[in-house]
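Student: Mind the numbering: the sequence shown is residues 224 to 806 in the numbering used here, read in order.
Please read through the structure below; I'll follow up with questions.
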Amino acid sequence: MHIMITAAIGLHSRSQELSVVQYLIGMVLTHGGCTQKDIQCLSTLGLAVHPQTLHRKLATWESSLSEDLLQIKRAWENGGDTKYQLVGDNWDKNILPSYRTTEKGTLSLHLFNVYAIVDRVIPTPQPSDVGPQENFNLSLPTFIPSIDEQAILLKELTFQFASSLIKHHPQLRECFQNIYLIHLKHKYSQFAGLKTTQYPLGMFDCNENKAQEMIQLLKTLSYSFVPMKDAEMVEPVFFGGDRLTDERVNGAQCAMKNEESPTERLEGFIRLMNFLEAIHKLTYDTGSGRDPCTMYYFRNLLNMRNVKGHVKNSYRPYKQPYYTVLDALCIAHFLHHFQLADLESEIPFPDNFMQMSSEEKISWLNETCCTVVKDTFFENDDDIFSSLRGILENPDHDENYWVSCRQNERFQCHFCDRSYACLGSLKAHEVKEHNVSVNVPKKTLCKERKTLKDYISMLFKLTLLHRNLDEAVDMGDGERCVRSAKYELPVYHKTGKTKYTIGSIHLTALVSGLLSSQQTERLITNRFVNVQGGTNNNIALDEYLEMLNRDSKIACKGHQTKESILKHSKEYPLLVEMTKHVD
């Protein structure tokens with residue numbers, strides 16, 4: 224390498240092969256925040272290319288990427304099968320001045336980073352396929368898991384339970400680690416290992432907390448990336464990010480819903496959530512450090528000092544102690560099932576276990592784990608949502624008194640012709656005018672104390688559900704992720720996370736008939752990004768964008784103004800990718 228650099232300096236970039244080294248040095252320096260003046264000095268010595276040369280090279284790459292994406296858009300407009308979706312997230316950064324004065328203080332930037340992600344799975348065209356249905360009615364039980372979906376969940380959780388046992392129980396690891404499946408197969412497993420094609424669209428001068436700026440951003444993206452033919456929208460483009468971004472997009476769409484055309488109403492976008500955050504709210508209390516078997520107690524016991532702050536800022540550190548406790552609970556439930564004292568106790572395998580085939584051994588383990596999961600998770604019930612289902616299916620149930628009178632997006636009075644937009648107004652009206660008594664549950668002075676068994680049971684169930692969702696994302700199993708939204712819904716409602724609750728309802732509604740069959744399949748199967756290839760290397764779109772934002776904040780150190788960051792924003796992903804290749 225030293226010889227190549229020496230030769231490159233001597234030839235001063237007259238060798239095409241050796242000048243690559245100078246380009247790489249220039250890119251690494253730019254990525255590391257080296258100033259343009261310093262790179263220019265190194266260029267004079269022959270160690271790197273001139274900064275302007277480097278920017279011209281990056282500009283040609285950007286132009287090539289943009290043209291590729293526009294070709295996909297044009298093909299889409301003419302009936303092509305390859306399609307894409309957009310993901311975006313806010314990009315916030317504080318730039319400190321070298322010398323602080325009254326006129327020159329901290330520069331606080333609020334930008335918006337957008338990527339285009341090409342679909343890996345192309346749905347099979349359906350002759351009878353229709354577009355989104357505006358007046359499609361869904362029954363309320365649609366939003367909770369059916370009995371058949373719970374049967375599927377039992378199989379999935381049995382696999383998660385068995386995998387945990389094989390990983391951590393010495394006897395089971397010796398018998399099953401070479402024959403048991405590593406991951407569950409699904410309908411689109413063959414696509415899970417494909418590398419995702421992506422196009423950085425750069426950063427936009429937009430603060431997602433300001434509705435007017437979000438409206439302007441969506442207008443810009445609509446006219447640039449939503450496929451149009453003869454001034455008519457060919458098909459909406461999926462657009463999303465984290466739950467906050469989805470909410471901002473929804474707000475912008477609502478603000479423009481009275482415009483004349485679909486493009487002006489921003490209908491070219493359909494919104495695309497953090498389960499662990501809700502689990503954390505139910506099970507994690509920093510005041511329980513001295514209470515054995517609580518999550519905060521285990522956090523201190525395991526000396527996991529990086530588990531701190533908000534879950535949204537430390538998702539992976541928080542996930543580790545939860546999964547550690549889950550593995551311990553799986554072992555404990557398995558030992559309890561066989562009445563074993565510890566890991567050294569002999570498991571009562573069948574008498575002819577050593578003569579069994581691999582399929583028979585796996586069948587025995589699955590049956591055993593299924594029995595344990597059905598007892599500990601489902602509590603030997605085929606329908607754990609039976610009581611809720613009874614309420615939803617019975618319009619005359621007491622719980623449905625106030626919502627059963629909703630007509631045309633308004634709440635109708637049970638006694639007169641008055642109607643109200645808000646449920647609270649209807650309650651106040653009936654109490655005042657019709658002497659209806661409203662039973663308000665009294666808040667007790669102290670919270671109801673739950674037993675340790677109830678707490679452990681809740682912790683086991685919620686974390687097992689989260690692991691199942693986590694593995695579904697790793698494997699690109701969109702159907703499992705969509706089904707998971709129905710189990711997350713009551714948890715979000717219980718923890719008061721209204722926006723996540725709406726997100727779960729919205730996702731279930733989209734895949735239950737609001738979208739055409741092709742759009743439904745696209746939404747289900749293309750929810751992930753795989754940047755390096757490999758079957759279990761998929762990550763969720765919103766998590767991926769958080770990673771991109773983190774990388775770009777490192778790459779932009781050489782630019783200290785909003786204008787320069789916006790101008791060079793498309794370069795940052797290229798610099799990050801090139802630096803990773805050098806590493």
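All C-beta atoms in this analysis are idealised placements derived from N, C-alpha and C, irrespective of residue type, glycine included.
Determine the burial state of L495: buried for a count of at least 16 other Cβ atoms within 10 Å of its Cβ, exposed for fewer.
Tutor: Interpretation of L495 is limited by its pLDDT of 37, a score under 50 that renders its predicted location unreliable; no figure is taken from the coordinates.
Student: With H333 as the anchor, note down where its beta strand (DSSP E) starts and where it stops.
Tutor: Residues 330-341.
Student: In chain order, which continuous runs of the beta strand (DSSP E) of length 3 or greater are located wholly inside the region 711-782?
Tutor: As far as the region 711-782 is concerned, it has no whole beta strand (DSSP E) run of at least 3 residues.
Student: Closest by CA to S775, which one among G302, Q394, D312?
Tutor: When only C-alpha atoms are compared, the closest one is D312.
Student: What residue range does the beta strand (DSSP E) around P423 cover?
Tutor: Element bounds for P423: 421-427.
Student: For W314, write down the residues that DSSP places opposite it in a beta bridge.
Tutor: Answer is L334.
Student: Give the secondary structure of Q383 by DSSP, where H, G and I count as helix, E and B as strand, and everything else as coil.
Tutor: DSSP places Q383 in helix when its eight states are reduced to three.
Student: Just to confirm my understanding: we take V744, look at its own chain, exclude 5 residues before and 5 after, and list those with CB closer than 6 Å. What are they?
Tutor: Residue 744 is actually Glu in this sequence, not Val. So the list reads P346, once near-sequence residues are dropped.
Student: Output the residue ranges of the alpha helix (DSSP H) runs that lie fully inside the region 597-644 and measure 4 residues or longer, sorted by chain position.
Tutor: Correct list: 609-616.
Student: Assign V705 to one of three DSSP states: helix, strand, or coil.
Tutor: Correct three-state label for V705: helix.
Student: CB F427 to CB F335, shorter than 8 Å?
Tutor: Result yes, Cβ atoms of F427 and F335 sit closer than 8 Å.
Student: Tell me the residue span of the alpha helix (DSSP H) that contains F399.
Tutor: Its alpha helix (DSSP H) spans residues 393-399.
Student: Can you list, in chain order, the residues of its chain whose CB lies under 8 Å from that of K780, leaving out five sequence neighbours each side?
Tutor: Hits under 8 Å: G255, G256.
Student: Could you tell me the alpha carbon to alpha carbon distance between L768 and T420, rounded to whole angstroms?
Tutor: Approximately 14 Å between the Cα atoms of the pair.
Student: Once you ignore the five residues that flank V714 on each side, which residues in its own chain have a CB closer than 8 Å to its CB?
Tutor: Result list for V714: F498, A501, I502, L505, L685, in chain order.
Student: Within 8 Å of any Cβ in chain C, is that where the Cβ of D700 sits?
Tutor: The chain labelled as chain C is not found in the depicted structure, where only one protein chain is given.
Student: Pull up the DSSP beta-bridge partners for Q308, would you.
Tutor: For Q308, which the question treats as bridged, DSSP gives the partners I340.
Student: Put M527 into one of helix, strand or coil per three-state DSSP.
Tutor: Reduced to three states, the DSSP call for M527 is coil.
Student: What number of angstroms, rounded off, separates the C-alpha of S792 from the C-alpha of G425?
Tutor: Cα-Cα distance, rounded: 5 Å.
Student: Pick out whichever of Y411, S609, K676 has its Cα sitting closest to the Cα of R208.
Tutor: Missing from the structure shown is residue 208; the chain here goes from 224 to 806 and no further.
Student: What runs of the alpha helix (DSSP H), each 4 residues or longer, lie entirely inside the region 244-269?
Tutor: For the region 244-269, whole alpha helix (DSSP H) runs of length 4 or above, ordered along the chain, are 259-267.
Student: Is N526 near P540, with beta carbons less than 8 Å apart?
Tutor: Against a cut-off of 8 Å, the Cβ pair of P540 and N526 comes out as no contact.
Student: How would you write the range of the alpha helix (DSSP H) that V548 sits in, first residue to last?
Tutor: Element bounds for V548: 538-560.
Student: Could you tell me the boundaries of the beta strand (DSSP E) in which V460 lies?
Tutor: Start and end: 460-463.
Student: Just how far apart, CA to CA, sit S680 and E436?
Tutor: Rounded to whole angstroms, S680 to E436 spans 46 Å at the Cα level.
Student: Is it the case that the region 555-565 contacts the region 396-411, given that we only count it when at least three CB pairs across the two stretches are under 8 Å?
Tutor: Result no; under three Cβ-Cβ pairs closer than 8 Å.
Student: Q245 and A271 - do their beta-carbons sit closer together than 8 Å?
Tutor: In this structure, Q245 lies closer than 8 Å to A271 by Cβ.
Student: Under 8 Å by Cβ, that's how I've got T365 and T731 pegged, so tell me the actual separation to the nearest angstrom.
Tutor: Confirmed, Cβ separation roughly 7 Å.
Student: Let me confirm a value: E691 is counted as buried when at least 16 other C-beta atoms fall within 10 Å, else exposed. Which label applies?
Tutor: It is worth fixing the name first, because residue 691 is Asn in this sequence and not Glu. With 16 or more other Cβ atoms within 10 Å, it is buried.
Student: What does the alpha-carbon distance come out to for the pair F600 and F683?
Tutor: In a straight line, the C-alpha of F600 is about 8 Å away from that of F683.
Student: Nearest by alpha-carbon distance to Y795: which of S242, M250, E602 is it?
Tutor: Selected option, being the one with the closest Cα: M250.
Student: Confirm the yes/no value for this check: CB of L798, any heavy atom of the ligand HEM, distance under 7 Å.
Tutor: You won't find the ligand HEM in this model; it holds no ligand whatsoever.
Student: Output the distance between the C-alpha atoms of K452 and K296, rounded to the nearest integer angstrom.
Tutor: Answer to the nearest angstrom: the Cα atoms are 11 Å apart.
Student: Rounded C-beta distance between H409 and D700? I'm assuming under 8 Å.
Tutor: The pair is a contact, with the Cβ atoms about 4 Å apart (cut-off 8 Å).
Student: If you draw a straight line from the alpha carbon of Y545 to that of K720, how long is it in whole angstroms?
Tutor: Rounded to whole angstroms, Y545 to K720 spans 20 Å at the Cα level.
Student: What's the call for Y446, buried or exposed, on a 16-neighbour Cβ count within 10 Å?
Tutor: Per the 10 Å Cβ criterion, exposed.
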